[in-house]
Amino acid sequence: MNNITDNLLVIKNGLDSEVDKLEIRVKDFESRIQAENYVYIQKPPRPRYDSYQFRNYGRDWGDDEELIIDNCADNLLNKTAFIGSINMFLELLFTEYKVTLTNFAREIEDFTMQLTAMKISAYLNYAEHMLNGTELIESKMADWQKERFTELEIYQLKQFFKAKELIESLKVLVNRQQKFENTILEKIKDTRLAYVCCRKSFNFEVEGVDCNRPTENATVDGTVD
Numbered sequence: 004m005n006n007i008t009d010n011l012l013v014i015k016n017g018l019d020s021e022v023d024k025l026e027i028r029v030k031d032f033e034s035r036i037q038a039e040n041y042v043y044i045q046k047p048p049r050p051r052y053d054s055y056q057f058r059n060y061g062r063d064w065g066d067d068e069e070l071i072i073d074n075c076a077d078n079l080l081n082k083t084a085f086i087g088s089i090n091m092f093l094e095l096l097f098t099e100y101k102v103t104l105t106n107f108a109r110e111i112e113d114f115t116m117q118l119t120a121m122k123i124s125a126y127l128n129y130a131e132h133m134l135n136g137t138e139l140i141e142s143k144m145a146d147w148q149k150e151r152f153t154e155l156e157i158y159q160l161k162q163f164f165k166a167k168e169l170i171e172s173l174k175v176l177v178n179r180q181q182k183f184e185n186t187i188l189e190k191i192k193d194t195r196l197a198y199v200c201c202r203k204s205f206n207f208e209v210e211g212v213d214c215n216r217p218t219e220n221a222t223v224d225g226t227v228d
């Protein structure tokens, strides 16, 4: 059964490695999102004029640029809250899987210890049998060993099924993480578009942006009015 134990350890170590890679990718993604400063509110909004006042009272756009920026800040994200929600989701995403993987490692260790204990018992039985020459001990120990081997075979079979479930669960975990990442990137894109198009509504020059898309009316939560 040593080969069986070795195979289980190989699977477990492989899963650990994949989880580590995924965590590195997640941390890199978090760093990228934190660096997207153009979609976050940079400072508390100042008292401002609304678009009606700008259009109807002939204010100088250059002098009032900061007021316009504040006026469009409703389209931006609160960085602390946004990053906090991302971190919370990713933490919950990994927590359950890590607990399951840790339990799996403990069960493999328990299986290895039981196997070692059985081998020691077999050696002791052999030594005792050789010393006293009784067939009774040999017969009883043989039955016990057969029973224990059957129990351990069933146990290791369960571990292989659990390993298979962990592999499938990891695939689901990766898919969820990728879907979440795509959702966040789309949110960043829509937020930037909403902010830029708001500034365009005040006649600021905006290049390379199509504000006629349906997402120009994107709200803060990413939906479309």
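Just so we're aligned, residue 4 is where the sequence shown starts under this note's numbering, counting upward by one.
Built from N, CA and C at the ideal position, the CB exists for glycine as well.
Proximity of residue i and residue j at Cβ, strictly below 7 Å
| i | j | result |
| --- | --- | --- |
| L11 | I111 | yes |
| F85 | K165 | no |
| I191 | E33 | no |
| L176 | Y100 | yes |
DSSP three-state assignment for residue i, whether helix, strand or coil
| i | result |
| --- | --- |
| L79 | coil |
Same chain, Cβ closer than 6 Å to residue i, neighbours up to 5 away in sequence not counted
| i | result |
| --- | --- |
| L93 | V29 |
Contact set for residue i: own chain, Cβ-Cβ below 8 Å, skip 5 residues either direction
| i | result |
| --- | --- |
| V212 | L196, V199, C200 and K203 |
| D63 | Residue placement at D63 is flagged as unreliable, the pLDDT there being 49, under the threshold of 50; the coordinate-derived value follows with that caveat. Excluding sequence neighbours, D63 sits near nothing in its chain. |
Distance between residue j and residue i (C-alpha atoms, nearest Å)
| i | j | result |
| --- | --- | --- |
| T98 | Y126 | 43 Å |
| S20 | I27 | 11 Å |
| L104 | I14 | 11 Å |
| Q159 | T115 | 10 Å |
| L25 | N90 | 14 Å |
| V22 | Q181 | 14 Å |
| K178 | N185 | Before going on, a small fix: residue 178 reads as Asn here, not Lys. So the two alpha carbons sit approximately 11 Å from each other. |
| R35 | D113 | 42 Å |
Spatial neighbours of residue i in its chain, beta-carbon cut-off 7 Å, leaving aside the 5 residues before and after
| i | result |
| --- | --- |
| Y43 | L79, L80 and K82 |
Item to complete: Within the segment 156-195, note down every full beta strand (DSSP E) run reaching 3 residues or more, in order along the chain.
Response: The segment 156-195 contains no whole beta strand (DSSP E) run of 3 or more residues.
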